[in-house]
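In terms of this note's numbering, the sequence shown opens at residue 28 and continues consecutively.
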Amino acid sequence: MYSKQSATSLLIKSLIIIFFIFSDFSTRAKEGMWIPATLKDHEKEMKSMGLQIPIDQLYNESGTGLNNAIVLFGRGCTGEIISSRGLILTNHHCGYGSAQGLSSPEKDYFANGFWAGNMKEELPCKGLTVTFIRRMENVTAQVLENVSDTLRDALRDTVISIRVAALEKEFKKKTGLDASIKPYFEGNQYWVALTETYRDIRLVGFPPNAIGAFGGDVENWMWPRHTGDFSVFRVYAGADNKPADYATTNKPYETEQFFKLNTTGYKEGDFTMVYGFPGTTKEYISSYELSQVYNITDPISIEARTRKLDIWSKHMTWSRDNFIKYTSKRAGVANGWKKWQGELMGLRVNDVIAKKQTYEQAFQAWAKIDSTLPWADNLLSQMRTAAEVASPFLTQDQYNKEALFGIELISQEAAFDNVINCFRLGLSQSALRDTLKKVMTGMGGFYKNYDLATDRDVFISLMVLYFNNSQANIPDEYLAQYRAHDQDVNAWAADIYKSSMITSLSKVTEFAENATPGDTSKIFADAAWKLYNAIATIRKQKILPVLQEYYANMHRLDRLYIKAQMEAYKNKAFYPDANLTLRVAYGQVKGLDPEGPAKYSFQTTLKDVVALDDSTSDIFKVPAKLKSLYKAKDYRRWGVNGTMPVAFVASNHTSGGNSGSPVLNAKGELIGTNFDRAYEGTMSDYYFDPTRCRNISVDIRYTLFVIDKFGGAGWLIDEMNIIAPKTPAPVKTK
Ligand code: ARG
Ligand code: GLU
Numbered sequence: 028m029y030s031k032q033s034a035t036s037l038l039i040k041s042l043i044i045i046f047f048i049f050s051d052f053s054t055r056a057k058e059g060m061w062i063p064a065t066l067k068d069h070e071k072e073m074k075s076m077g078l079q080i081p082i083d084q085l086y087n088e089s090g091t092g093l094n095n096a097i098v099l100f101g102r103g104c105t106g107e108i109i110s111s112r113g114l115i116l117t118n119h120h121c122g123y124g125s126a127q128g129l130s131s132p133e134k135d136y137f138a139n140g141f142w143a144g145n146m147k148e149e150l151p152c153k154g155l156t157v158t159f160i161r162r163m164e165n166v167t168a169q170v171l172e173n174v175s176d177t178l179r180d181a182l183r184d185t186v187i188s189i190r191v192a193a194l195e196k197e198f199k200k201k202t203g204l205d206a207s208i209k210p211y212f213e214g215n216q217y218w219v220a221l222t223e224t225y226r227d228i229r230l231v232g233f234p235p236n237a238i239g240a241f242g243g244d245v246e247n248w249m250w251p252r253h254t255g256d257f258s259v260f261r262v263y264a265g266a267d268n269k270p271a272d273y274a275t276t277n278k279p280y281e282t283e284q285f286f287k288l289n290t291t292g293y294k295e296g297d298f299t300m301v302y303g304f305p306g307t308t309k310e311y312i313s314s315y316e317l318s319q320v321y322n323i324t325d326p327i328s329i330e331a332r333t334r335k336l337d338i339w340s341k342h343m344t345w346s347r348d349n350f351i352k353y354t355s356k357r358a359g360v361a362n363g364w365k366k367w368q369g370e371l372m373g374l375r376v377n378d379v380i381a382k383k384q385t386y387e388q389a390f391q392a393w394a395k396i397d398s399t400l401p402w403a404d405n406l407l408s409q410m411r412t413a414a415e416v417a418s419p420f421l422t423q424d425q426y427n428k429e430a431l432f433g434i435e436l437i438s439q440e441a442a443f444d445n446v447i448n449c450f451r452l453g454l455s456q457s458a459l460r461d462t463l464k465k466v467m468t469g470m471g472g473f474y475k476n477y478d479l480a481t482d483r484d485v486f487i488s489l490m491v492l493y494f495n496n497s498q499a500n501i502p503d504e505y506l507a508q509y510r511a512h513d514q515d516v517n518a519w520a521a522d523i524y525k526s527s528m529i530t531s532l533s534k535v536t537e538f539a540e541n542a543t544p545g546d547t548s549k550i551f552a553d554a555a556w557k558l559y560n561a562i563a564t565i566r567k568q569k570i571l572p573v574l575q576e577y578y579a580n581m582h583r584l585d586r587l588y589i590k591a592q593m594e595a596y597k598n599k600a601f602y603p604d605a606n607l608t609l610r611v612a613y614g615q616v617k618g619l620d621p622e623g624p625a626k627y628s629f630q631t632t633l634k635d636v637v638a639l640d641d642s643t644s645d646i647f648k649v650p651a652k653l654k655s656l657y658k659a660k661d662y663r664r665w666g667v668n669g670t671m672p673v674a675f676v677a678s679n680h681t682s683g684g685n686s687g688s689p690v691l692n693a694k695g696e697l698i699g700t701n702f703d704r705a706y707e708g709t710m711s712d713y714y715f716d717p718t719r720c721r722n723i724s725v726d727i728r729y730t731l732f733v734i735d736k737f738g739g740a741g742w743l744i745d746e747m748n749i750i751a752p753k754t755p756a757p758v759k760t761k
């Protein structure tokens with residue numbers, strides 16, 4: 028008895044040491060994306076790192092904080108107000124969709140850029156909105172009052188959603204603002220955001236791709252970087268300065284809260300902040316969930332996309348027509364593909380799963396001793412069991428999604444679910460044909476960017492990947508078609524792309540024009556439909572129910588786990604995972620090269636851009652005008668002793684959604700616009716390593732130089748508040 032006790036106390040002592048290591052380890056890094064309304068807790072640390080303004084200037088309850096100069100731009104980017112007349116700065120890749128909508132062969136803004144010469148020339152962007160976050164309030168007490176942690180989920184969710192709806196209504200009535208309540212810490216906290224969404228937004232300036240997307244996918248997720256990834260918009264408001272539908276009589280939104288632009292430069296080690304809307308991070312999940320990312324979802328997605336991108340790239344070099352069709356699709360597919368590779372590398376190099384396992388051992392020991400949260404004891408074992416059960420389903424479904432639905436022939440068949448529904452409506456022949464024609468017209472966008480031969484090659488490659496990894500799960504329909512072609516996937520592909528009507532707009536339109544009520548036989552006989560339908564049915568019946576239950580279960584366990592972690596590590600500052608709400612991250616300007624012999628600088632310059640110039644390349648061709656400005660060193664007041672800074676890196680914790688976020692100096696003045704992370708650190712969505720994680724930004728001086736000297740839109744500079752160097756700036760590059 029005695030000896031046993033002493034062994035236990037020894038164990039406890041060593042665990043306390045582990046705890047100590049962990050809490051030290053987790054506070055050392057300047058990781059974190061903090062709720063602005065809680066920043067006061069960080070004032071001391073931020074000041075010690077260099078912050079020179081009161082936290083109140085960043086955010087305050089009376090509504091005069093810099094949060095009023097930041098917008099959720101569209102649905103997934105950040106933008107910032109840089110003049111008293113509602114001028115917005117964001118990324119080029121965030122304005123891309125709007126520019127595409129306004130572009131035409133005669134007005135090709137991707138090739139030539141766009142610069143309004145005055146306010147009248149600013150172009151309304153249909154459907155684009157920006158949302159201001161005026162105030163935030165912690166409403167956890169109201170939402171969770173008397174809701175016990177272990178209440179059955181269905182009941183818990185019902186109670187919460189009723190309360191959330193009632194509270195939102197009350198806030199709207201009380202403030203006249205929109206109110207949206209979101210869960211934080213997996214539902215351990217609730218915050219309301221009081222917001223205003225403006226819907227008359229106009230394009231003001233857009234550099235050509237040769238600046239705004241310079242380096243393309245090759246430089247994407249990489250440092251050093253040479254992209255002028257910015258664009259400029261303006262918010263318009265009604266006569267009362269409030270949101271209004273587009274009208275020629277609307278006026279530029281007027282505001283006292285906008286960012287001053289600081290062009291005096293920065294040096295390595297300088298304090299920085301990023302203020303914006305990070306989308307999704309999962310820093311607190313268990314090793315079991317992270318293993319699924321590391322061993323299942325990331326690798327399968329990468330493997331499938333490597334095959335697909337290889338084929339797309341080949342076909343894109345063979346034909347200019349294909350290049351145009353696939354360039355935007357490729358950017359989307361390649362963006363995740365590259366990020367996940369960086370993520371796997373970062374997780375591996377940092378041994379994150381093993382670190383989590385050690386952390387879990389310490390947590391488990393704490394849970395055993397702790398008596399306040401009785402349910403914490405078996406959380407990890409429940410997670411392990413749940414993950415074990417789900418993993419085979421997750422694996423198969425990742426192949427379904429990335430391999431099978433990676434084939435456009437199969438994924439596009441989903442549109443026929445709608446078509447079949449039209450038949451079920453019991454319409455007359457002419458009504459049916461009319462309705463179907465509308466559905467088919469809606470599919471026009473797909474065919475505009477579709478190439479049959481390209482997709483056929485993708486079919487061959489991805490079907491092989493799917494077969495090799497699915498064995499007993501392969502639906503009979505697939506085996507039957509495969510056997511019917513003597514197990515020759517090339518012959519199968521040749522046949523199905525010839526016979527299926529989904530491969531061309533004229534075939535589906537012809538089908539619509541000749542449709543007869545009740546007769547769906549042509550669809551049901553289509554070999555591609557059969558492939559789609561077989562997998563959709565299996566997913567619906569056998570896979571998704573399991574996964575949905577798993578995610579719901581895991582969501583509850585994650586909620587309890589984070590609650591218990593906060594209890595176990597009372598002194599650690601936890602930040603909620605990103606959820607596309609307004610956050611502040613802080614760090615320092617800092618170079619990056621964890622392994623290389625020569626440390627990469629923290630900054631690139633126009634010289635580096637011009638050195639990459641390649642007239643034969645689509646993405647590395649420097650515009651002639653930019654080259655001549657470079658040759659003449661005609662930088663006006665934006666250059667620094669004959670150099671032109673372009674981009675820089677800092678150690679702020681950011682994620683997707685932070686694109687377009689203002690990067691601020693110690694005084695809260697804007698020194699750049701965030702647009703990416705470095706490859707070495709993309710695992711920061713799961714684990715932040717201050718030596719490898721960097722956010723990448725366009726230097727505000729490059730932005731102003733391009734607007735002023737390249738775009739000739741100097742009239743915009745006049746409405747900005749610019750803090751310029753007093754004496755000629757010292758050389759700070761390299
Ligand atoms: N990687 C950045 C982000 O996640 C930029 C993407 C756009 N640029 C590109 N080359 N595809 O959004
Ligand atoms: N480019 C990303 C975005 O569009 C930001 C990069 C990141 O994920 O940090 O939000």
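Glycine included, C-beta positions come from ideal geometry on N, C-alpha and C. Note that the structure is a prediction, hence the values are computed from the model and not measured.
Drop a sphere of 10 angstroms on the beta-carbon of residue i, count the other beta-carbons inside from all chains shown, and report buried for 16 or more, exposed for fewer.
i	result
residue 240	buried
residue 443	buried
residue 345	exposed
residue 543	exposed
residue 216	buried
residue 99	buried
residue 258	buried
residue 723	buried
residue 125	buried
residue 441	exposed
residue 267	exposed
Looking only at C-alpha atoms, which of the options sits nearest to residue i?
i	options	result
residue 748	740, 696 and 143	696
residue 564	387, 728, 427 and 744	427
residue 423	107, 613 and 319	319
residue 397	553, 672 and 595	595
residue 123	138, 112 and 110	138
residue 641	237, 180, 432 and 269	237
residue 177	403, 166 and 120	403
Would DSSP call residue i helix, strand or coil?
i	result
residue 568	helix
residue 21	Any property of residue 21 remains undetermined from this structure, which presents the chain solely from 28 to 761.
residue 705	coil
residue 749	strand
residue 535	helix
residue 240	coil
residue 216	strand
residue 78	coil
residue 303	strand
residue 174	coil
residue 308	coil
Any heavy atom of ligand 2 closer than 7 angstroms to the beta-carbon of residue i?
i	result
residue 241	no
residue 512	no
residue 104	yes
residue 119	no
CB of residue i to nearest heavy atom of ligand 1: below 7 angstroms?
i	result
residue 355	no
residue 683	yes
residue 248	yes
residue 236	no
residue 712	no
residue 358	yes
Open item on the list: Across the segment 587-595 and the segment 307-317, are there enough close Cβ pairs to call them in contact, namely three or more that are closer than 8 angstroms?
Closed with: yes
Open item on the list: I want to know whether the segment 485-494 touches the segment 328-339 - three or more CB-CB distances under 8 angstroms.
Closed with: yes
- [ ] Flag this pair as touching only if the segment 569-584 and the segment 406-421 have three or more C-beta atom pairs under 8 angstroms; answer yes or no.
- [x] yes
TODO: Would you check if the segment 298-307 and the segment 672-685 touch, i.e. whether three or more CB-CB distances between them fall below 8 angstroms?
DONE: yes
Open item on the list: Taking contact to mean 3 or more Cβ pairs, one atom from each stretch, closer than 8 angstroms, check whether the segment 630-646 and the segment 713-722 are in contact.
Closed with: no
Open item on the list: I want to know whether the segment 346-354 touches the segment 476-484 - three or more CB-CB distances under 8 angstroms.
Closed with: yes
Open item on the list: Check whether the segment 268-288 and the segment 181-189 are in contact - that is, three or more C-beta pairs closer than 8 angstroms.
Closed with: no
Open item on the list: Would you call the segment 277-287 in contact with the segment 375-392, where contact means no fewer than 3 C-beta pairs closer than 8 angstroms?
Closed with: no
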